[in-house]
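Peer 1:
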Amino acid sequence: MRRIYDWVIRASNSRWAFAVLVFVALTEPVFFPIPPEVVLMTMSFSRPKRALFYAAVSSLFTLLGGVVSYLIGKFFWNATQDFFFKYVFSQELFKKASEVYDKNAFITIFTIGFTPLPDKVFLISAGIFSVNFPVFLISYGLSRAIRYLIVAVPIFFFGDRVRGFVERHFNTVTMALGILLVMIFLFVRYFISKVISQ
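For reference, each letter of the sequence shown is one residue, going 71 to 268 in our numbering.
1. Measuring straight from C-alpha to C-alpha, what distance separates residue 98 and residue 83?
2. Check residue 183 in the structure and name its three-state DSSP category.
3. Out of 107, 100, 90, 92, state which residue places its alpha-carbon closest to the alpha-carbon of residue 219.
4. Looking at residue 210 and residue 179, is the spacing between their C-beta atoms short of 9 Å?
5. Using CA atoms only, rank isn't needed, just tell me which of 104, 182, 149, 191 is closest to residue 163.
6. Thinking C-beta only, is residue 91 closer than 9 Å to residue 223?
7. Could you compute how far the alpha carbon of residue 265 sits from the alpha carbon of residue 94?
8. With a threshold of 6 Å on Cβ separation, who are the neighbours of residue 125 within its own chain once the five nearest residues in sequence on each side are excluded?
9. Alpha carbons only, please: which of 80, 197, 77 is nearest the one belonging to residue 144?
10. Only counting the same chain, and skipping five residues up and downstream in sequence, which positions put a Cβ closer than 8 Å to that of residue 262?
11. Starting from residue 136, trace the alpha helix (DSSP H) in both directions and tell me its first and last residue.
12. In terms of residue numbering, what span does the alpha helix (DSSP H) encompassing residue 225 cover?
13. Given this structure, state the Cα-to-Cα distance separating residue 140 from residue 202, to the nearest angstrom.
14. Taking only the alpha-carbon atoms, compute the straight-line gap between residue 119 and residue 128 and give it to the nearest angstrom.
15. For residue 235, I'd like the list of residues in its chain whose CB is within less than 6 Å of its CB, leaving aside the five on either flank, ordered along the chain.
Below, the structure is given as structure tokens:
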């Protein structure tokens, strides 16, 4: 894992950095172990005024990667499950992922997009259990876009001055914001249901 991480860091500082960002963003939701933020932060600190563009690219290709995982689960799970159980995630984690879809799919996918947990198993499970595709797209796309903007916006405005803060507190900030947004979503849904029922 450390060798892969070191390779990503080196590549992020090379002329192939943009291609590496696309590759990591596209494959991380499927099998790649290193999150796109590693490349996103490196490239953004090198060119702060392009940070928002890099975040948009990360969001787009991560969403496409998420769609690939969804389609694997929906159409190719029987043919690929041995590979994923051996190299990507455990059967125990897969079982836990299957249990959470008995609850709200939108909140599950939206929340997972903010956590450091391996979301691959949840994305593939979404396909296996035929989670509504528009719900899947909106929840995962929105959560990942917000997550990348948490990195890109401070760098865009403050550049290298926020390097230490972003690198040290990224996971804490994203999880806290994710929980806050889920609470807002639940409150709005509850309020709307009350209005409709009157």
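Where a beta carbon is used, it is the ideal one built from N, C-alpha and C, also for glycine.
Peer 2: Well, looking at it:
1. Going from the Cα of residue 98 to the Cα of residue 83 covers about 19 Å.
2. In this structure, residue 183 counts as coil in the three-state DSSP scheme.
3. Here the closest residue by C-alpha is 107.
4. Cβ distance < 9 Å, so residue 179 and residue 210 count as in contact.
5. Here the closest residue by C-alpha is 191.
6. Cβ distance not < 9 Å, so residue 223 and residue 91 don't count as in contact.
7. With a pLDDT of 46 at residue 265, under the threshold of 50, the predicted position of this residue should be treated as unreliable, though the coordinate-derived value follows. Going from the Cα of residue 265 to the Cα of residue 94 covers about 44 Å.
8. If we look at residue 125 and ignore the five residues flanking it on each side, its Cβ neighbours are 218, 219, 222.
9. Comparing Cα-Cα distances from residue 144 to each of 80, 197, 77, the minimum goes to 197.
10. With a pLDDT of 48 at residue 262, under the threshold of 50, the predicted position of this residue should be treated as unreliable, and no value is reported.
11. 121-145 is the span of the alpha helix (DSSP H), which, as asked, contains residue 136.
12. In the DSSP annotation of this structure, the continuous segment of the alpha helix (DSSP H) that includes residue 225 starts and ends at 203-228.
13. Cα to Cα, residue 140 sits roughly 11 Å from residue 202.
14. Cα to Cα, the separation comes out at about 16 Å.
15. Closer than 6 Å at the Cβ level, and outside the excluded window around residue 235, lies no residue.
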